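The listed protein sequences derive, respectively, from chains Z and D. Every letter in the first sequence is one number past the one before it in the UniProt record's numbering, and letter 3, counting from 1, is 3. Every letter in the second sequence is one number past the one before it in the UniProt record's numbering, and letter 168, counting from 1, is 168. I have placed the structure first, in the form of structure tokens, so that the comments after it can refer back to it.
2 protein chains.
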Amino acid sequence: MENEHISSAFDTDLEAVQSQIMKMGGLVENAIQLGMKSLETRDAELARQVRVADGAIDALEEAINEGAARIIALRAPTAVDLRLVLCVIKISGNLERIGDYAKNMAKRTEVLSRAAPVGNGMGTLRRMTRAVEVMLKDALDAYIHRDVALAADVIARDVDVDQMYNALFRELLTFMMEDPRNITACLHLHFISKNTERMGDHVTSIAEQVIYLATGKQPDEARPKADTTTSAGAM
Amino acid sequence: MENEHISSAFDTDLEAVQSQIMKMGGLVENAIQLGMKSLETRDAELARQVRVADGAIDALEEAINEGAARIIALRAPTAVDLRLVLCVIKISGNLERIGDYAKNMAKRTEVLSRAAPVGNGMGTLRRMTRAVEVMLKDALDAYIHRDVALAADVIARDVDVDQMYNALFRELLTFMMEDPRNITACLHLHFISKNTERMGDHVTSIAEQVIYLATGKQPDEARPKADTTTSAGAM
Numbered sequence: 001m002e003n004e005h006i007s008s009a010f011d012t013d014l015e016a017v018q019s020q021i022m023k024m025g026g027l028v029e030n031a032i033q034l035g036m037k038s039l040e041t042r043d044a045e046l047a048r049q050v051r052v053a054d055g056a057i058d059a060l061e062e063a064i065n066e067g068a069a070r071i072i073a074l075r076a077p078t079a080v081d082l083r084l085v086l087c088v089i090k091i092s093g094n095l096e097r098i099g100d101y102a103k104n105m106a107k108r109t110e111v112l113s114r115a116a117p118v119g120n121g122m123g124t125l126r127r128m129t130r131a132v133e134v135m136l137k138d139a140l141d142a143y144i145h146r147d148v149a150l151a152a153d154v155i156a157r158d159v160d161v162d163q164m165y166n167a168l169f170r171e172l173l174t175f176m177m178e179d180p181r182n183i184t185a186c187l188h189l190h191f192i193s194k195n196t197e198r199m200g201d202h203v204t205s206i207a208e209q210v211i212y213l214a215t216g217k218q219p220d221e222a223r224p225k226a227d228t229t230t231s232a233g234a235m
Numbered sequence: 001m002e003n004e005h006i007s008s009a010f011d012t013d014l015e016a017v018q019s020q021i022m023k024m025g026g027l028v029e030n031a032i033q034l035g036m037k038s039l040e041t042r043d044a045e046l047a048r049q050v051r052v053a054d055g056a057i058d059a060l061e062e063a064i065n066e067g068a069a070r071i072i073a074l075r076a077p078t079a080v081d082l083r084l085v086l087c088v089i090k091i092s093g094n095l096e097r098i099g100d101y102a103k104n105m106a107k108r109t110e111v112l113s114r115a116a117p118v119g120n121g122m123g124t125l126r127r128m129t130r131a132v133e134v135m136l137k138d139a140l141d142a143y144i145h146r147d148v149a150l151a152a153d154v155i156a157r158d159v160d161v162d163q164m165y166n167a168l169f170r171e172l173l174t175f176m177m178e179d180p181r182n183i184t185a186c187l188h189l190h191f192i193s194k195n196t197e198r199m200g201d202h203v204t205s206i207a208e209q210v211i212y213l214a215t216g217k218q219p220d221e222a223r224p225k226a227d228t229t230t231s232a233g234a235m
């Protein structure tokens, strides 16, 4: 934590809210990991825990929003300070959405447990989910350390997640065509993978905000990584 | 505009900020349309206008943020009212990002003007951009009217944008393999299409917030539309 120049009441107030962001980030990373695990191991009890734990994530978002509103009301921050407070609000909103997608993943454990496994679809989904989890961890590290290079790398990695989503989508189509009994399970897996892809979008938003906070500029020139890998047939 | 029960000072203050959101939305829709047009017609002067107009979008976001901060400071809203103010802040943030992507599109007009046209890549990009533009218009209409069904439809349409992005990506790969002289132009087009896909993500976020505002619940059960079209070979 960068707490070497906590001088004003504003900084102290903000520090408290920032630590809630980090706590929330940890819970969300956990939710992604356990949500995926519950799905893969068909563990209904674990799925239930993930669903229950989402309440704590939502409560933290509320607390962060109220904390941020209190700072605005008490300290009347302007310019850069206001931008920082608003950023905290936006990041907590992104984290809350990611947590919801993880909860939704866990919710599908029960219905997917009743279906036969479809090819290696679950393995692809696990790799995709793991990639998003690491992106989230890195985006939050980039936020703490205002690490622009790391944030730009996170944004670039979102392209990989998209490509994993596309590959899985084609894989699922094949399974459905092979055996119509796979269709229900495949539709659920497609739904989950789309939500995982959306988690990646929210992580990208967090990383974009880190760049904005650190540089005052939006990362609209950040080049997607696939630009350099397309000719290698990355799709 | 739903202004039938403007009763409190809070509502009046908020109404002013909301109308700035609608104004910002109009400017952003315009930027998408003209950014795409400048690219397609290789119109450097139009591209310049889009870049300049982005300043007004950024200024509106600043004004909305300051207006929202003023409301929080003066009215100390809690619960539902606070949620509404924070939502306005988040939506203006989404609009600002979309505007940046449109500006970035215009910025590439000059470099793309120097290259030979690549197949029908531009046509696919135009359709994709047009789809996002209509999604944005609908998301803002859903916001004004708190129209949950329309917002859910916008979220579902994001899947179509993803699939257009994938189709274009494959198309560009083919052009690059056919003739290496196409590579530079294709990389630019790929970059633009990825940004257009990201515009779609931000529009989706706006639609999700409309559902949250109207129902108090996150739309984590909203099913991607492709679930019903996959077997028809939509990819």
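Glycine included, every Cβ here is placed at the ideal spot set by N, Cα and C. Note that the coordinates shown come from a computational prediction; the quantities given were computed from them, not determined experimentally.
query: Quick check on the burial criterion: 16 or more other C-beta atoms within 10 angstroms. Buried or exposed for leucine 74/D?; result: exposed
query: Using beta carbons (cut-off 8 Å, strictly below), is phenylalanine 10/D in contact with chain Z?; result: no
query: Roughly how far, in whole angstroms, is the beta-carbon of valine 210/Z from the beta-carbon of arginine 146/Z, given that I think they are within contact range, below 8 Å?; result: 7 Å
query: Should leucine 168/D be flagged as near chain Z, meaning a C-beta pair shorter than 8 Å?; result: no
query: List, in chain order, every chain Z residue whose beta-carbon is nearer than 7 Å to that of glycine 93/D.; result: Lys90
query: Closest to aspartate 138/Z by CA distance: which of Thr124/Z, Ala156/Z, Thr196/Z, Leu189/Z is it?; result: Ala156/Z
query: Looking at alanine 16/Z: is its Cβ nearer than 8 Å to the Cβ of glycine 67/Z?; result: yes
query: Taking C-beta pairs closer than 7 Å, name the residues in chain D that alanine 76/Z reaches, listed in chain order.; result: Ala73
query: Should arginine 170/D go down as buried or exposed, given a rule of 16 or more other Cβ atoms within 10 Å for buried?; result: exposed
query: Contact criterion: CB-CB distance below 8 Å. Does alanine 131/D meet it with respect to chain Z?; result: no
query: Residues in its own chain within less than 6 Å of tyrosine 143/Z by CB, not counting five upstream and five downstream?; result: Val210
query: In angstroms, rounded to a whole number, what distance separates the CA positions of isoleucine 206/D and proline 117/Z?; result: 36 Å
query: For glutamine 218/Z, return the contacting residues in chain D, with the cut-off set at a CB-CB distance below 8 Å.; result: Glu96, Arg97, Asp100
query: Whole angstroms are fine: how far does the CA of leucine 34/D sit from the CA of glutamate 96/D?; result: 16 Å
query: Where does threonine 78/D sit, in a helix, a strand or coil, going by DSSP?; result: coil
query: Near alanine 115/Z, which residues of its chain fall below 7 Å by C-beta distance, leaving aside the five closest residues on each side in sequence?; result: Thr184, Ala185
query: Looking at C-alpha atoms only, which residue of Asp153/D, Glu133/D, Leu140/D is the closest neighbour of alanine 31/D?; result: Glu133/D
query: Does aspartate 227/D come within less than 8 Å of chain Z when only Cβ atoms are used?; result: Reliability of the predicted coordinates at aspartate 227/D is poor, the pLDDT of 41 falling under 50, and the value obtained from them is presented with this limitation in mind. So, interface residue.
query: Identify the contact partners of aspartate 13/D in chain Z, using a Cβ-Cβ distance below 9 Å as the criterion.; result: Correct list: empty, because the minimum Cβ distance to chain Z is about 14 Å.
query: On the three-state DSSP scale, how would you describe glutamate 15/Z?; result: helix
query: Output needed for threonine 197/D: all residues of its chain with C-beta closer than 7 Å, excluding positions within five of it in sequence on either side, in chain order.; result: The amino acid at residue 197/D is misidentified as threonine; the sequence shows glutamate. Result list for glutamate 197/D: Val161, Asp162, Tyr165, in chain order.
query: For glycine 123/D, count the other beta carbons within 10 Å of its own beta carbon; 16 or more makes it buried, fewer makes it exposed. Which is it?; result: exposed
query: Hey, leucine 136/D and isoleucine 192/D are a contact pair by Cβ (cut 8 Å); roughly how many whole angstroms apart?; result: In fact, because the Cβ distance is near 17 Å, the residues do not count as touching under 8 Å.
query: Starting from the Cα of alanine 214/Z, find the closest Cα among Ala151/Z, Gln49/Z, Val111/Z and give me that residue.; result: Ala151/Z
query: Report the CB separation of isoleucine 57/Z from glycine 99/Z in whole angstroms; it is logged as a contact under 8 Å.; result: 4 Å
query: Which residues in chain D sit within 8 Å of leucine 82/Z, going by Cβ to Cβ distance?; result: Asn65, Glu66, Ala69
query: Classify lysine 217/Z: buried if its beta carbon has 16 or more other beta carbons within 10 angstroms, exposed otherwise.; result: exposed
query: Are any of the Cβ atoms in chain D nearer than 8 Å to that of tyrosine 143/Z?; result: no
query: Helix, strand or coil for residue 241/D, going by three-state DSSP, please let me know.; result: No statement about residue 241/D is possible, as the shown extent of chain D runs from 1 to 235 and does not include it.
query: Using 8 Å as the limit for Cβ to Cβ distance, is glutamine 20/Z near chain D?; result: no
query: By Cβ distance below 7 Å, which residues in the same chain neighbour isoleucine 21/Z in space, the five residues on each side in sequence not counted?; result: Ile64, Val88, Ile91, Ser92
query: So, for histidine 188/Z: in the same chain, excluding its five sequence neighbours on each side, which residues have a beta-carbon less than 7 Å away from its beta-carbon?; result: Arg108, Val111, Leu112
query: Does valine 203/D pass the burial test, meaning 16 or more other C-beta atoms within 10 Å, or should it be called exposed?; result: buried
query: Straight-line CA distance for glutamate 29/Z to alanine 69/D?; result: 31 Å
query: Please state if the CB of alanine 131/Z and the CB of serine 38/Z are separated by a distance shorter than 8 Å.; result: no
query: Leaving out the 5 sequence neighbours to the left and right, which residues in its chain are closer than 8 Å to lysine 194/Z when beta-carbon positions are compared?; result: Tyr165
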